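Take a look at the structure set out below.
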Amino acid sequence: MLSGEKAEENDQRVPPGQTLTEGWPVLHYGSVPYYNDMSKWNLRIFGLVEEEYTISYKHFMALPRRQYSNDIHCVTTWSKLDNVWEGIAVSELMSKVKLKPEAQFVMLHAEHGWTTNLPLEDFLRDTSFLGIRHQGKLLSPEHGSPVRMVVPHLYFWKSAKWLRGIELMEKDKPGFWELNGYHMYGDPWKSQRYDF
Ligand SMILES: Nc1nc2c(c(=O)[nH]1)N[C@H]1C(S)=C(S)[C@@H](COP(=O)(O)O)O[C@H]1N2
Ligand SMILES: [Mo]
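In our numbering, the protein residues as written are 549 to 744.
Structure below.
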């Protein structure tokens, strides 16, 4: 049990229906990609951009990084507080491209074709980032190595592991779980879990 004060503080930080976990569950559809040759890895920004942009592993890893602290909330009802991350700001990466004015939504593309959608505004929020380290350690393959999206203000399924592509779109389109009944937006504070 937590002491009164700490428990009260956590109440403010834990969305409805969520339970705190100390561990870090691994959740995904399909198999974990294990890379042995990073020269074949890249990250592509495409869709409604003036010019498509592809960055190599080497150049991506050399981008300036920042520290982030946040709480994450999985739709399966676990929440994990006080995560400390090292990552690349979305603005840092997106400064490489010029968006077309019609761009309003983003589809994140992961290894093996897994996708998730979100509004451009949420992707560009300064609390969203491309995560590389968690609690001081490089992400494990299971948690999304070499890079995963982190969008802490939405349910954690929007935080694509094994990120390989960022597609700019005019209209919203469902990604993998959204096609299977998950909410198009996924605000944990509004319990936007499923959309049947
Ligand atoms: N590429 C990919 N990313 C994914 C998923 C997935 O199936 N594939 N699952 C999402 C879901 S449903 C959750 S809850 C989180 C889990 O991240 P974790 O395993 O690091 O806790 O990853 C998200 N990112
Ligand atoms: Mo999830």
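Each residue gets a CB set at the ideal place from its N, CA and C atoms; glycine is no exception.
Here the structure is a predicted model, which means the values were calculated and not measured.
- Taken from the Cβ of Ser-643, every heavy atom of ligand 1 lies 7 Å or farther away.
- Looking at Gln-740, His-701, Lys-646, Gly-679, the one whose alpha-carbon comes closest to that of Pro-612 is Gly-679.
- For Pro-649, the number of other beta carbons within 10 angstroms of its own is below 16, and it is reported as exposed.
- Look at Ala-651 here: in three-state DSSP terms it is coil, with no helix or strand label.
- Going by beta carbons, Glu-715 and Phe-608 fall outside the 8 Å limit.
- Going by DSSP, Leu-611 is part of no beta strand (DSSP E) at all; its letter is neither H nor E.
- As the crow flies, the alpha-carbon of Gln-566 is around 33 Å from that of Leu-591.
- In the three-state reduction of the DSSP assignment, Val-638 falls in the helix class, which pools H, G and I.
- Here Val-597 has Val-645, Lys-646, Leu-647, Lys-648, Leu-716 as same chain residues with Cβ atoms under 7 Å from its own Cβ, once five neighbours each way along the sequence are excluded.
- Beta bridge pairing from DSSP links Gly-713 with Arg-592, His-657.
- In this model, Glu-690 and Pro-564 are separated by some 27 Å (Cα to Cα).
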